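Read through the structure below, which is laid out as structure tokens, and then see the notes.
Numbering (this note's numbering), first residue to last: -19 to 475.
This is the structure we're talking about:
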């Protein structure tokens, strides 16, 4: 349970000394750095009765500034027939925002009753009227003689001693020795004074006071209790929700700091202030730093650079090419990537692609165009990844399977058309094959290319076109192939 408030009092004993009532002052301090509102609750401890105690200097519920204080004056009224003894009560303080979880018990205060006061008479005694008359006449006669120089001497006075710096008990003893009584006044806070010592008095030191009169003393306020410090739980590496629960249960408040990227899974705590295992004030704030949202880098190894760019762009990553001479693979093939596949990267961060090129040739001369088409403007792209067989010697009507990869911002509303070409024109007896794109707008598809001919036809190129919803050409690319068709199939039918 947290304790936002501290309660102190300069004295823990209230001497009634034959009187039926007395007062004690308690100081309540807001220990936090934020404004709070709280309520005082007077708690009688048996046999003390609840109706004997009450706050007399304002509302029980009050607003506190950060680190602010309020003083509560509690009056104790003891019935006249109360037996001699000590009666105890305390004042607790409860947060108005969270009364069930944030309350502070105050110190116990003992009220000492010296003896029962005599009960007041039920009726006014009529016989006292003549007595009063005689007394008045006597007073008048006394005044007459006093004015003429006779009569009784004036009441005896004493010099009020300097009580500052003495403890409350010492001050009370010094006054009693001079025939004076002490009365507890308002608690004050004077810099450098010791708690429980006198820092003010009325009348002041050196003034005359009749014997038997009261001197009001002002005690120094007690300092707030030391902060309740506890160990901060170690929550680094835990999911944020689990970390919050652990800190709440230890009595701390949580503040989320700016997320950090360390390469780990999002949603984990990667830092905390104060550090786990150190001591901090219960009810204080622990700042948590969570792993920043990131992207798992896809594998684009062994892909053609165009397909690699599409895959990275779909993953919301940028790219940067590095050319390297390599004749063992097709020019334009991605040899290496950094970060590696499966690593995490921040959105729009750069993945470096090492791309194969032939000796003395530039593979990426069209990179500015590629960047404009795929990265800056749109994601509409289709490319041939495999043709089987290639080269191929096929009978009329035989099929060559063409595998395609594509990406489009139009989802399932686009279509891919593959056309066999001979010398830049539609191959004789050939026809285009079409396939619809998927709803995710990216993926791989396969189509079959056929040529029906009675003679021989050589297909030297495949034209791949990506069409949009309105029939517009979104992407147009050609792939060199070697496919030979002959008329065996037709001749068999004719025979």
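Cβ atoms here follow ideal geometry from the backbone N, Cα and C, with glycine treated the same way. Bear in mind that the values here come from a model prediction, so they are computed numbers and not experimental data.
Selected residue, minimal CA-CA separation from residue i, among the options
i           : options            : result
residue 210 : 256, 203, 315, 31  : 256
residue 175 : 323, 387, 195, -12 : -12
residue 35  : 250, 3, 9, 61      : 3
residue 268 : 214, 276, 229, 308 : 214
residue 449 : 381, 383, 360, 402 : 360
residue 456 : 418, 289, 362      : 362
residue 313 : 300, 333, 319      : 333
residue 367 : 376, 385, 391, 227 : 385
residue 28  : 185, 66, 151       : 66
residue 9   : 41, 45, -3, 290    : 45
residue 387 : 424, 272, 374      : 424
residue 382 : 392, 398, 376, 391 : 398
residue 163 : -9, 240, 72        : -9
residue 56  : 64, 40, 63, 93     : 93
residue 15  : -7, 21, -6, -16    : -16
residue -2  : 33, 436, 58, 418   : 58
residue -7  : 21, -14, 70, 39    : 70
residue 292 : 272, 329, 273, 266 : 329
residue 81  : 183, 220, 262      : 262
residue 401 : 416, 370, 461      : 461
Local conformation of residue i per DSSP, three classes
i           : result
residue 467 : coil
residue 294 : helix
residue 156 : helix
residue 519 : Given that the chain is displayed from residue -19 to residue 475, the structure contains no residue 519 and the question cannot be resolved.
residue 229 : helix
residue 151 : helix
residue 308 : coil
residue 16  : strand
residue 99  : The predicted model places residue 99 with a pLDDT of 49, which falls under 50 and marks its position as unreliable; any figure quoted below should be read in that light. Of the three classes helix, strand and coil, the one that applies to residue 99 here is coil, per DSSP.
residue 455 : strand
residue 441 : strand
residue 174 : coil
residue -4  : coil
residue 313 : strand
residue 11  : coil
residue 86  : coil
residue 162 : strand
residue 400 : strand
residue 423 : strand
CA-to-CA distance, residue j to residue i, given in whole angstroms
i           : j           : result
residue 18  : residue 74  : 5 Å
residue 325 : residue 303 : 23 Å
residue 0   : residue 234 : 51 Å
residue 13  : residue 47  : 6 Å
residue 79  : residue 248 : 33 Å
residue 311 : residue 223 : 51 Å
residue 283 : residue 422 : 15 Å
residue 199 : residue 50  : 16 Å
residue 472 : residue 431 : Confidence in residue 472 is poor, its pLDDT being 42 and thus under 50, which makes the residue's placement unreliable; the coordinate value appears in the next sentence. Roughly 16 Å between the two C-alpha positions.
residue 259 : residue 76  : 28 Å
residue 351 : residue 301 : The pLDDT assigned to residue 351 is 44, lower than 50, so where the model puts this residue is not dependable; a value taken from the coordinates is nonetheless given after this. Using only the alpha carbons, I get a separation of about 11 Å.
residue 237 : residue 296 : 25 Å
residue 470 : residue 374 : Any reading at residue 470 must be qualified, since the residue scores a pLDDT of 41, below 50, and its modelled position is unreliable; no value is offered.
residue 33  : residue 64  : 18 Å
residue 433 : residue 465 : 7 Å
residue 452 : residue 392 : 15 Å
residue 87  : residue 231 : 23 Å
residue 136 : residue 54  : 34 Å
residue 426 : residue 414 : 10 Å
Residues bridged to residue i (per DSSP)
i           : result
residue 363 : 385
residue 370 : Answer is none; residue 370 lacks a bridge partner.
residue 6   : 52
residue 391 : Looking at the DSSP assignment, residue 391 forms no beta bridge with any residue, so it has no partner.
residue 447 : 395, 453
residue 139 : 188
residue -17 : Partner(s): none; residue -17 has no beta bridge.
residue 409 : Bridge partners of residue 409: none, in fact.
residue 329 : The partner list for residue 329 (beta bridge, DSSP) is empty, contrary to what the question assumes.
Heavy atom of the ligand HEM within 7 Å of residue i beta-carbon
i           : result
residue 192 : Absence of the ligand HEM is noted for the structure shown, with no ligands found whatsoever.
Closer than 8 Å to chain C by CB, residue i
i           : result
residue 435 : In the structure shown, chain C cannot be found, because there is only a single protein chain.
Return the chain-ordered ranges of every beta strand (DSSP E) run that is complete within the stretch 27 to 75 and spans a minimum of 3 residues. You should have 33 to 35, 41 to 44, 49 to 57, 65 to 75.
Write down every uninterrupted run of the alpha helix (DSSP H) in the stretch 180 to 224 whose length is 4 residues or greater and which is fully enclosed by it, in chain order. For the alpha helix (DSSP H) assignment, the stretch 180 to 224 encloses no uninterrupted run of at least 4 residues.
Which residue spans inside the stretch 248 to 288 form an unbroken beta strand (DSSP E) run of at least 3? Counting only runs of 3 or more, we get 249 to 253, 259 to 261, 265 to 270.
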